[in-house]
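Below is one structure, written out as structure tokens, with a few remarks after it.
Residue numbers (the numbering used here), protein chains in the order written: chain A, 1 to 262; chain S, 1001 to 1125.
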């Protein structure tokens, strides 16, 4: 192909160069046509070069966009992964805080905050369902003497054992916790005063049978507890109910301790 | 150039940037309402420092909790550090954490991925 073109070009150039053809009317026309073709070839080359460079630019741009997109995707997945882990840490801390804020550190029994929440809940339920519930305020008899005679460590041991005893063998809906000092609060939803008395009688009996180690050569410490009960009176506020339980506990103590009132 | 001395708050870390020593230090929790507002000046300081001098850049970090936009902002800073490192600049990042809180160290390690500059996660008792 190339040689045929070349041949043609050479022939045309030879014809144009021949002085014999100069006067021929086709000579001028061929000269014009020759120049015209030359311009066309030049233009075609320019267009091809331009088009090629545009194509190259577009390809480069696409490549860099792909690279950038890949980089961004990788980065986003890293951010999400790290962020998820931070959230995990927060969740763990939250659970731990919840644990700390709801348990008494010595006995690990529910603390006063939890008891107050549960008391409010029992109160609301009793109001809504027109049912009843009982609270029992329990106090270790002569606890100060235990601390004074055997030391605070023994006192702490007593509280831990009593807490275990009082919190065990309860129904799922019941709750017992440390109200403060040597006082425990038991909440018995959907329970009558008579049933509550039976529960408390069993608990107080179990306390009587406890033997807490006092130290080498010492006889074990024996314990009793007093309990004051209050059954919910429709319309009564939680604070009033707590006051009645406190008063009942005071009565139990006054009548000689190791007993339930009323 | 203007150095940074931003006092921390409950939600934002204490940030200081000193162009004389080349140290950018950040410590505390970071969950600002507007991370762009907080870290915009930090990124600007790093860019200016890297552009206006050829001294080394050191980052001293002791960050605890980071929210998502803070994680992104910190990565933006690390990207600048990485680019500077690739251009032959001397850079180093030390991320300190309390050994009692191992999870914070593990999270700091997550940031080191993809970076080739000197990046150390250091547990302290």
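Glycine residues also receive a C-beta, built at the ideal position from the N, C-alpha and C atoms.
Hey, could you find the ends of the beta strand (DSSP E) residue i is sitting in?
i: residue 1016 of chain S; result: 1014 to 1018
i: residue 189 of chain A; result: 183 to 189
i: residue 180 of chain A; result: 175 to 180
i: residue 230 of chain A; result: 225 to 231
i: residue 1088 of chain S; result: It is not in any beta strand (DSSP E) - residue 1088 of chain S carries neither H nor E in the DSSP assignment.
i: residue 1005 of chain S; result: 1004 to 1006
i: residue 1066 of chain S; result: 1057 to 1066
i: residue 137 of chain A; result: 133 to 140
i: residue 1011 of chain S; result: Where residue 1011 of chain S is concerned, there is no enclosing beta strand (DSSP E), given that its DSSP letter is neither H nor E.
What residues from chain A crowd round residue i, counting only those whose CB sits closer than 9 Å?
i: residue 1026 of chain S; result: Correct list: empty, because the minimum Cβ distance to chain A is about 16 Å.
i: residue 1107 of chain S; result: 82, 85, 86, 89
Chain S beta carbons: is any one of them nearer than 7 Å to that of residue i?
i: residue 135 of chain A; result: no
i: residue 100 of chain A; result: no
i: residue 83 of chain A; result: yes
i: residue 12 of chain A; result: no
i: residue 212 of chain A; result: no
i: residue 199 of chain A; result: no
Spell out whether any CB of chain A is found under 7 Å from the CB atom of residue i.
i: residue 1071 of chain S; result: yes
i: residue 1033 of chain S; result: no
i: residue 1086 of chain S; result: no
Cβ closer than 8 Å: which chain S residues qualify as neighbours of residue i?
i: residue 79 of chain A; result: 1068, 1071, 1072, 1075
I'd like the span of the alpha helix (DSSP H) that includes residue i, first residue to last.
i: residue 87 of chain A; result: 25 to 102
i: residue 243 of chain A; result: 238 to 254
i: residue 1105 of chain S; result: 1102 to 1112
i: residue 116 of chain A; result: 112 to 129
i: residue 1027 of chain S; result: From DSSP, residue 1027 of chain S is part of no alpha helix (DSSP H) but of the beta strand (DSSP E) over 1023 to 1030.
i: residue 150 of chain A; result: 143 to 150
i: residue 205 of chain A; result: 193 to 208
i: residue 1043 of chain S; result: 1035 to 1052
Would residue i be called buried (16 or more neighbouring beta carbons within 10 Å of its own) or exposed?
i: residue 184 of chain A; result: buried
i: residue 174 of chain A; result: buried
i: residue 239 of chain A; result: exposed
i: residue 181 of chain A; result: exposed
i: residue 47 of chain A; result: exposed
i: residue 1062 of chain S; result: buried
i: residue 1122 of chain S; result: exposed
i: residue 191 of chain A; result: buried
i: residue 56 of chain A; result: exposed
i: residue 221 of chain A; result: buried
i: residue 25 of chain A; result: exposed
i: residue 5 of chain A; result: exposed
i: residue 1069 of chain S; result: buried
i: residue 149 of chain A; result: exposed
i: residue 80 of chain A; result: exposed
i: residue 1030 of chain S; result: buried
i: residue 1049 of chain S; result: buried
i: residue 111 of chain A; result: buried
What residues of chain S sit near residue i, judged by a beta carbon separation below 9 Å?
i: residue 75 of chain A; result: 1072, 1075, 1079, 1114
Using the beta-carbon of each residue, which ones in chain A are nearer than 7 Å to residue i?
i: residue 1103 of chain S; result: 89
Shorter than 6 Å, the distance from the beta carbon of residue i to the closest heavy atom of the ligand GTP, or not?
i: residue 140 of chain A; result: Here there are no bound small molecules, and the ligand GTP is not part of this structure.
| Using a beta-carbon distance cut-off of less than 7 Å, what residues from the region 1037 to 1070 of chain S approach chain A? | 1065, 1066, 1068
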